[in-house]
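Note sheet for the following structure.
Protein chains: 2
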Amino acid sequence: MKIVFLLFDGLTALDAVGPYEVLSRMPGAEVRFAGMTAGTIVTGDQRLRLCTDAALSDITACDLLVVPGGFGTRPLERDERVLEWVRAIDKTTTMTTSVCTGSFVLAAAGLLKGRRATSHWAMRDRLAEYGAIPTAERVVRDGKYATAAGVSAGIDFGLSLALELHGPDVAAAIQLGIEYDPLPTLDAGHPGRAPAHIREALQARLTARDREARGVK
Amino acid sequence: MKIVFLLFDGLTALDAVGPYEVLSRMPGAEVRFAGMTAGTIVTGDQRLRLCTDAALSDITACDLLVVPGGFGTRPLERDERVLEWVRAIDKTTTMTTSVCTGSFVLAAAGLLKGRRATSHWAMRDRLAEYGAIPTAERVVRDGKYATAAGVSAGIDFGLSLALELHGPDVAAAIQLGIEYDPLPTLDAGHPGRAPAHIREALQARLTARDREARGVK
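For the protein sequence lines, the chains are A and B, in the order given.
Mapped onto numbering that gives the first Met the number 0, the consecutive letters of the first sequence carry residue numbers 0 to 216.
Mapped onto numbering that gives the first Met the number 0, the consecutive letters of the second sequence carry residue numbers 0 to 216.
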């Protein structure tokens, strides 16, 4: 299975690396990392750098496309070169997927019209602007489109896909291999259970950054 | 807080990126990625490449050292240049930490003698060869040393450290920011709950790779 991750400046590393660590362990997985150019991209905090191994133009087809999120998705929503590429690749995939705000790239490409989709909880509702149906689930599947919620949800997305594609033995072996037996110290990872003052402050901060990244006053 | 991740060829990306995504969000965090040289390193499956931004010799002190795991830790157990650097940095840290088999680098450097420590479940017992006390917990703390279990445990480690250093509001905001509300599809991430045939097959496969990576017949 040919799996392509789209990488771009300003991505959130865990959005990509979570599903990568799962999907790359599937039997027959061939993973590539595509970017505007073949080279280095920087993550959202400008610190960790990941390397692409292909330019967009080098990749013309794949079985599974994964678009991670991060504030760097905002410019992509208006970048016709990227959106054209996403549309063209989507015509070749068996599954087109995203993590966190990566769903906005799929939505801006017109792929989620009338479809249920999710994103980071603080941004999700804006998917409706592209005709998608914002859906508050950790992993949302609609036809061949799968969208995962914020950042760490990409791990759950990856495992659900491994289960679907390869069955429980392979999925369990991958899960045990990455010892994914989560034990959060606090129960604050869901907006419905995090303390209200934390949620509201974070929503305000993320919305401000979102508007800034989109150039909205 | 100056945080340094040790990167090396053959690391498991999620071991580093999980805690990075948490720790880099702590107020005042300054993150650097140190490697044998400043440049590119490849992860365990030879596909994803991460960039170091400092050579070992560029880093002489930090507050928090994080050593991730992966099969690439085996050569490091006998690499005096790396072990000397780890010992020297450890003299300057307030915390010295690891994820997965990163604990073997700390152990080989002599830092875990007589201390409780953990690692990937399939490898953990071998820590006793270095005088450490293998401990089956997701995150083990002994003095200023914290060791996390396999791969994905680095996220829980990061959040537990954010809680300790910055209190519940900061830790909750980070957890909500990365939407860490895990929802594994299967309950197979713990060796005690994974199906026995999966666990035994994986243990055999990982042990064989471990011996090969260590050059043991």
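Virtual Cβ for every residue (Gly too), placed ideally from N, Cα, C.
Taking all protein chains in view, the Cβ of A/D209 is crowded by 16 or more other Cβ atoms within 10 Å, so the residue is classified as buried. Per the coordinates, the alpha-carbon of B/A121 lies some 7 Å from the alpha-carbon of B/L205. Using beta-carbon distances, A/D155 counts as an interface residue toward chain B, with a partner under 8 Å. The C-beta separation of B/L111 from B/A131 comes to about 4 Å, placing the pair in contact by the 8 Å criterion.
Using a C-beta cut-off of 8 Å, the region 34-45 of chain A makes no contact with the region 57-66 of chain B, since fewer than three inter-stretch Cβ pairs fall below that distance. A/L182 is not a Cβ neighbour of B/R198, given a cutoff of 8 Å. Shown in chain order are the members of the region 156-179 of chain B whose Cβ falls below 7 Å from a Cβ of chain A: L158, S159, L162, P167, D168, A170, A171, A172, Q174, L175, G176, I177, E178, Y179. Taken in chain order, the whole beta strand (DSSP E) runs of length 3 or more contained in the region 130-206 of chain A are 138-141, 144-147. With fewer than 16 other Cβ atoms inside 10 Å of its own Cβ, B/E128 counts as exposed.
Using a CB distance below 8 Å, the part of the region 34-53 of chain B facing chain A consists of T39, D44, R46, L47, R48, L49, C50, D52, ordered along the chain.
Not one beta carbon of chain A lies nearer than 8 Å to the beta carbon of B/R140.
With a cutoff of 8 Å on beta-carbon distance, B/M25 and B/H119 are scored as not near each other.
Each residue's CA atom was taken as its position, placing B/Q202 and A/G214 some 52 Å apart.
Exposed is the label assigned to B/R192, since fewer than 16 other Cβ atoms lie within 10 Å of its Cβ. Short of 8 Å from the beta carbon of A/M94, and not among the five residues preceding or following it, lie these beta carbons of its own chain, in chain order: D62, L63, L64, K143, Y144, A145, L160. Around B/S56, no beta-carbon contact reaches into chain A at under 9 Å, the shortest distance being about 20 Å.
Excluding five sequence positions before and after B/T39, the CB atoms of its chain that fall closer than 8 Å to its own CB belong to R48, L49, C50, T51, given in chain order.
Residues R31, A33, I58, C61, L64 of the same chain have their beta carbon placed closer than 6 Å to that of B/V3, with the five preceding and five following residues left out of the count. Below the 7 Å Cβ cutoff, chain A contributes R137, D155 as neighbours of B/L182, in chain order.
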